[in-house]
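Participant: As you go down the protein sequences, you meet chains A and B in turn.
Following the working numbering, the residues of the first sequence are numbered contiguously, the last one being 277.
Following the working numbering, the residues of the second sequence are numbered contiguously, the last one being 1332.
Idealized CB from N, CA, C, for every residue including glycine.
Predicted model, so just to flag it, every value in this text is computed and none were measured.
First the structure, which I've put down as structure tokens, then a few questions once you've had a look.
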Amino acid sequence: MSAVVSLERPEIKPPALPGSSWVVVRRNLIHIKRMPELLLDVTIQPVMFVLLFAFVFGGAIQVPGNFDYKEFLVPGIMAQTMAFASFIVAIGLVNDLDKGIVDRLKSLPISRSSILVGRSVSSLIHSSIGIGVMALTGLAIGWRAHNGFTDTVLGFALLLLFGFSMIWLGIWVGSSMRSVESVNGVMFTTMFPITFVANTFAPTQGMPDWLATIAEWNPISALVQALRDLWGNGLPATGNEAWPLQHPVVTTVIWAVGLTAIFAPLAVASFRRRSRD
Amino acid sequence: MNSPAVEAVDLVKTFDQTRAVDGVSFAVPAGTVLGLLGPNGAGKTTTVRMLTTLSRPTSGTGRVAGHDIVTEPDAVRRSMGLVGQVATVDELLTARENLWLIGRLSGLPTSYIRPAGDDLLERFALTEAADRVVKTYSGGMRRRLDLAVSLIAAPPVLFLDEPTTGLDPRSRNDLWEVLRGLVRDGTTLVLTTQYLEEADQLCDDIVVIDKGKVIAAGTPTQLKDQAGAAAVVLTLTHATDLTRAEELLRTCTPEVYVEPASRRLTAQADGLHDMTRIGQAFEDSGIPVDDLGLQRPSLDDVFLALTGHRAENEVPEDEETHTDLHALEGAL
């Protein structure tokens, strides 16, 4: 730490929103590279779920129509993985807030949205890696998308759209909570039941009436049903189910837009409030 | 240097009902160091957060490098660097990647960041660790990297919030040296500290804050003068001589304070002259003395005089050990 070398101060051209968001995304992706175990939640964990449900519970679960339970299961697990994107965003954000990284970024001449945009994009990438792993696992155990290229892609697009709304939920939770532990607590006690009280792992027909009604109106159910319809992994709704399951694609889009409309303002307000002090 | 590099104008920040910062004003001429001195919760950090645009003032405003913190936050962010209270470097990135991250987000081209970053790493003795993940760094290394990262865009104004908290004395001295180097180069520094010694060592001017208000401002010397005269401190070899020593001391100076447990006598003195006089008197009387010294008022004394309470965390602890030691000796 000897004498100071003078640096010629360069021309500063603050990056625009896409540029700065991309830098934040790259930084978050380096995190995944450094700590691959961060990916456990979207790799080993869902693969374990697939194997457990397919081979342990699968034999006992009756799927309507002549469908293999493994085919029935894969869209469910994918939807659950996407719903947990909210979890990933929240944990990442609360960590950055907690460690003062957000403050440091906010003291720079960038749009403050780039912190959230960058976090959202990297979380979507994170979840998409999980979806990719799920697809491969599915292929390995006998899952197929039967309805051609367009419907297959449409299914994945719906997953991403739903993931987008979950990200806002994550930002909201992340900027309202003080620690990773509390995020874990809140997300486990809410997201797990929400993704289970649905048609994710078992058809709703076997549930008590009141529970079946809740499950059928659950946004996760609409998404799962949409995926099963698009990929040919299960029977289309027969007419006995609630309205959302009879029009699952439209309903999923409505849910995604609706949840974004609810959570985005809450998230932005909460992040601002957290930032202002 | 007509306009100050940093200026706070009647800054107020209210959280719910509490006024965390209650009308703070000061000006920092370019190329100088201002110390915001105060105990925990005095409002130092909140003041810095407002000046660095992280927190919006409830009322009042400020200027950094001539830009208004409320109306031109972007221009302010382009002209300053911030070193936060905890080292806010990214633990999972290497030193180089941290420099890249903040450099890119400051609007610098990669072609500049690389050589400038290497230069900074060299300056902060981090070259060898440059490609190691920060998680493996010691506290001192993190602090240094934190500072290096804050300097990547060569900001004319640098804010440091308790920069040496938690550092060992050597790292602290190293950091002070670096900061002095920055000032020689023309950087303006605003730092908060609870360490009175730190303010004394580094700052051209000190603003003392307590309970959100400025309670004193001036150079370290001016503040020390406010705390009054120097004192002679005398430690006797035998506690049995205390009464005699006190009587003797009273013939030299009117105000004498006795701490029997530590066999210590404190007397007001004007300077070296008084000290030699007292020394001579004891030499002549034959009362054995362990230690004789002149004590200039420290900023601790200033703080005590101004607020009626000690700066938290450091001074009392120090004194206690001191006293305990003497008490122990006395008991033996």
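Could you tell me whether the Cβ of residue 1191/B comes closer than 8 Å to any Cβ of chain A?
Facilitator: No, residue 1191/B does not count as interfacial toward chain A.
Participant: Would you verify that the beta carbon of residue 178/A is, or is not, closer than 8 Å to some beta carbon of chain B?
Facilitator: Closer than 8 Å: no.
Participant: Quickly, what does DSSP pair residue 207/A with across the bridge? List them, please.
Facilitator: Looking at the DSSP assignment, residue 207/A forms no beta bridge with any residue, so it has no partner.
Participant: Does residue 31/A have its Cβ less than 8 Å from a Cβ in chain B?
Facilitator: Yes, contact with chain B.
Participant: When you compare each of 1211/B, 1306/B, 1162/B to residue 1034/B by their alpha carbons, which one comes out closest?
Facilitator: Checking every option, the nearest Cα to that of residue 1034/B belongs to 1162/B.
Participant: Assuming contact is defined by CB atoms lying nearer than 8 Å, are residue 50/A and residue 77/A in contact in what I supplied?
Facilitator: Taking 8 Å as the Cβ cut-off, residue 50/A and residue 77/A qualify as a contacting pair.
Participant: Helix, strand or coil, according to DSSP, for residue 1321/B in the structure here?
Facilitator: Its pLDDT being 35, under 50, residue 1321/B is placed unreliably by the model, and the measurement read from it follows with that caveat. Of the three classes helix, strand and coil, the one that applies to residue 1321/B here is helix, per DSSP.
Participant: From this set, 120/A, 55/A, 220/A, which residue's C-alpha is nearest residue 142/A's C-alpha?
Facilitator: Residue 142/A has its Cα closest to that of 55/A, out of 120/A, 55/A, 220/A.
Participant: Answer yes if the segment 1029-1044 of chain B comes into contact with the segment 1204-1215 of chain B, meaning at least three C-beta pairs across the two stretches below 8 Å, and no otherwise.
Facilitator: Enough Cβ pairs lie closer than 8 Å, so yes.
Participant: Check this for me: beta carbons of residue 94/A and residue 35/A, under 8 Å apart or not?
Facilitator: Contact flag unset, no.
Participant: How many Å lie between residue 258/A and residue 202/A at the Cα?
Facilitator: Taking the straight line joining both Cα atoms gives about 26 Å.
Participant: Quick one: measure Cβ to Cβ for residue 173/A and residue 226/A, integer angstroms, because I've assumed they're closer than 8 Å.
Facilitator: 25 Å between Cβ atoms; not a contact.
Participant: Cβ of residue 1231/B within 8 Å of Cβ of residue 1269/B?
Facilitator: Yes.
Participant: Counting C-beta neighbours from all protein chains within 10 Å, is the total for residue 70/A 16 or more, i.e. buried, or is it exposed?
Facilitator: That one is buried.
Participant: For the segment 1198-1205 of chain B against the segment 1149-1159 of chain B, do three or more pairs of beta-carbon atoms, one drawn from each stretch, fall closer than 8 Å, so that the two count as touching?
Facilitator: Too few Cβ pairs lie closer than 8 Å, so no.
Participant: Within a Cβ cutoff of 8 Å, which residues of the same chain sit near residue 159/A, ignoring the five residues on either side of it in sequence?
Facilitator: So the qualifying residues of the chain are 78, 79, 82, 131, 223, 227.
Participant: What does the alpha-carbon distance come out to for the pair residue 1172/B and residue 1127/B?
Facilitator: Distance between the alpha carbons of residue 1172/B and residue 1127/B: 20 Å.
Participant: Measuring straight from C-alpha to C-alpha, what distance separates residue 211/A and residue 53/A?
Facilitator: The alpha-carbon atoms of residue 211/A and residue 53/A are separated by roughly 21 Å.
Participant: Taking the alpha-carbon of residue 61/A as reference, which of 205/A, 269/A, 164/A has the nearest alpha-carbon?
Facilitator: Closest by alpha carbon: 205/A.
Participant: Grab me the residues of residue 165/A's own chain with a C-beta within less than 6 Å of its C-beta, minus the 5 sequence neighbours each way, in chain order.
Facilitator: The answer, listed in chain order, is 256, 259, 260.
Participant: Any residues in the segment 100-130 of chain A with a beta carbon nearer than 7 Å to a beta carbon of chain B? Which ones, in chain order?
Facilitator: Residues 100, 101, 103, 104, 105, 106, 107, 108, 109, 110.
Participant: Ignoring anything shorter than 4 residues or poking outside the segment 1006-1042 of chain B, list the alpha helix (DSSP H) runs there in chain order.
Facilitator: Taking only runs of at least 4 residues, no alpha helix (DSSP H) segment lies wholly in the segment 1006-1042 of chain B.
Participant: Which bits of chain A does residue 1106/B rub up against, with CB to CB less than 7 Å?
Facilitator: Result: 12, 108, 109.
Participant: When we look at the beta-carbon of residue 1077/B and count the other beta-carbons within 10 Å, is it buried (16 or more) or exposed?
Facilitator: It counts as buried.
Participant: What does residue 1133/B reach in chain A if we use C-beta pairs closer than 9 Å?
Facilitator: Here the neighbours are 34.
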